[in-house]
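Numbering (this note's numbering), first residue to last: 756 to 1082. The beta carbon of each residue, even a glycine, is placed where N, CA and C say it ideally should be. No experiment lies behind these values; they were computed from the predicted model shown. Notes follow the structure.
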């Protein structure tokens, strides 16, 4: 049996600038972090030597890879030339469609697991770039590259996306006290409404390509990601709240489904209770909301948002990793 453990991510600033419609015209940049919530992928020999069994939200048992309904599993197994006699299962700490990059964590985790099984070379760059190839180039998902790179590399990073398709990952090294302070200022709430990012991102892709106003907003968001990275390096942790707020005001303009009356009300309630800034994670429409709150005001925010589930977390640094290899 082989088991891999791949983190989910929270994005701070710059989301959307990792879409090809943007970075093909101008460098994109995203500041994000992985957290201690994970996607676990296990694989082991299946009793039926000519069959493949996959277990995720449903169980599939097929004779041929091309019969698999799950597009990512079907594509990864085809690419890696995996045939029969294999069972693959997934377990996640967070539901799909909640804005933490679960689809890409799944892709990176499956790739990592099966590349180890096939004794293929594995590196963070190989995992991230191959996951992008599968999700974006082969499956044609209208998504960006930030989730794959965050899941593979782990940690707090500035991830830059260049017109020539190269990606640069710059880790944010914080003093232990500043890292702890940043964690202590962040609050995560689950607001429900699981959704597919594809429709929202498809509209955003279209808008970015044809509307200069949307493109300009994304330019500002990319610049802000780099600015905030520099400020955090200098220990200016409180700047995170202001940048989250500015980024959210820009992001909500990018496509119609990003926000709604319920999300706007939650955001304003949090600000009124003392949050400095925040944002909805992922493409929009539902999932998790992140807020930056001074520690002495967290109890008030918690009280005002008591109808929502508070979701404590910590940063993680390792990215996708192999945690078991044995019988």
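- Message: Counting beta carbon pairs with one atom in the region 1059 to 1067 and one in the region 892 to 912, are three or more of them shorter than 8 Å?
- Response: no
- In three-state terms, what does DSSP make of residue 1010? Working through the chain shown from its first residue, we reach residue 1010 at position 255. In the structure shown, residue 1010 sits in coil (DSSP, three-state: anything other than H, G, I, E or B).
- Item | Exposed unless 16 or more other CB atoms sit within 10 angstroms - verdict on residue 762 | Locating residue 762 in the chain shown gives position 7, where the first residue counts as 1. Residue 762 is buried by the Cβ-count criterion.
- What separation, rounded to the nearest whole angstrom, lies between the Cα atoms of residue 1004 and residue 837? Indexing the chain shown from 1 puts residue 1004 at position 249. Indexing the chain shown from 1 puts residue 837 at position 82. Computed Cα separation, rounded: 46 Å.
- Message: Report the start-end ranges of each alpha helix (DSSP H) in the region 793 to 860 that is 4 residues or longer and not cut off at the edges.
- Response: 826 to 834
- Message: For a quick check, are the C-beta atoms of residue 988 and residue 927 less than 8 Å apart?
- Response: For the purposes of this step, residue 988 is taken as the residue at position 233 of the chain shown. For the purposes of this step, residue 927 is taken as the residue at position 172 of the chain shown. Against a cut-off of 8 Å, the Cβ pair of residue 927 and residue 988 comes out as a contact.
- Who pairs with residue 1044 in a beta bridge, going by DSSP? Locating residue 1044 in the chain shown gives position 289, where the first residue counts as 1. Answer is 944, 1035.
- Message: For residue 825, which residues in the same chain have their Cβ closer than 8 Å to its Cβ, ignoring the five residues on either side in sequence?
- Response: Walking along the chain shown from the start, residue 825 turns up at place 70. Hits under 8 Å: 809, 811, 815.
- What number of angstroms, rounded off, separates the C-alpha of residue 759 from the C-alpha of residue 1027? For the purposes of this step, residue 759 is taken as residue 4 along the chain shown, with counting starting at 1. For the purposes of this step, residue 1027 is taken as residue 272 along the chain shown, with counting starting at 1. For residue 759 and residue 1027, the distance between alpha carbons rounds to 42 Å.
- Rounded separation between residue 795 and residue 870 - CA only: Here the question's residue 795 lines up with position 40 in the chain shown. Here the question's residue 870 lines up with position 115 in the chain shown. The straight-line gap from Cα to Cα measures roughly 15 Å.
- Query: Going along the chain, which residues of its own chain have a beta-carbon closer than 6 Å to the beta-carbon of residue 1043, five neighbours each way excluded?
  - Reply: Residue numbering aside, residue 1043 sits at position 288 when the chain shown is read from its first letter. Excluding positions up to five away in sequence, the list reads 853, 854, 943, 945, 1036.
- Item | Whole-angstrom distance between residue 886 and residue 866, CA atom to CA atom | Stepping through the chain shown from its first residue, residue 866 is reached at position 111. Stepping through the chain shown from its first residue, residue 886 is reached at position 131. Between residue 866 and residue 886, the C-alpha separation is close to 7 Å.
- C-alpha distance - residue 1022 paired with residue 936, whole-angstrom precision: Within the chain shown, numbered from 1, the residue matching residue 1022 stands at position 267. Within the chain shown, numbered from 1, the residue matching residue 936 stands at position 181. Rounded to whole angstroms, residue 1022 to residue 936 spans 22 Å at the Cα level.
- Query: In chain order, which beta strand (DSSP E) runs of at least 3 residues are fully inside the region 883 to 937?
  - Reply: 911 to 916, 922 to 926
- Message: Here's the rule: buried if 16 or more other CB atoms are within 10 angstroms of the residue's CB, otherwise exposed. What is residue 1077?
- Response: Taking the first residue of the chain shown as position 1, residue 1077 is located at position 322. The residue in question, residue 1077, is exposed, as its Cβ has fewer than 16 Cβ neighbours within 10 Å.
- Candidates 757, 818, 1041: which alpha carbon is nearest residue 874's? Residue 874 sits at position 119 when you count from the first residue of the chain shown. Out of 757, 818, 1041, 757 has the C-alpha closest to the C-alpha of residue 874.
- Tell me the DSSP bridge mates of residue 766? For the purposes of this step, residue 766 is taken as residue 11 along the chain shown, with counting starting at 1. Residue 766 is bridged to 787.
- What is the residue span of the alpha helix (DSSP H) that residue 777 lies within? On the chain shown, position 22 is the one that residue 777 refers to. Run containing residue 777: 775 to 778, per the alpha helix (DSSP H) assignment.
- Item | For residue 1018, the first and last residue of its enclosing alpha helix (DSSP H) | For the purposes of this step, residue 1018 is identified with residue 263 of the chain shown, where counting begins at 1. That run of the alpha helix (DSSP H) goes 1016 to 1028.
- Message: My assumption, with CB atoms under 8 Å, is that residue 1048 sits in contact with residue 917. Please give the rounded CB distance.
- Response: What you label residue 1048 is simply residue 293 of the chain shown in a count that begins at 1. What you label residue 917 is simply residue 162 of the chain shown in a count that begins at 1. Not confirmed; about 35 Å, so no contact.
- Item | Outcome for residue 920 when other beta-carbon atoms lying within 10 angstroms are tallied against a minimum of 16 | Looking up residue 920 in the chain shown gives position 165. Label assigned to residue 920: exposed.
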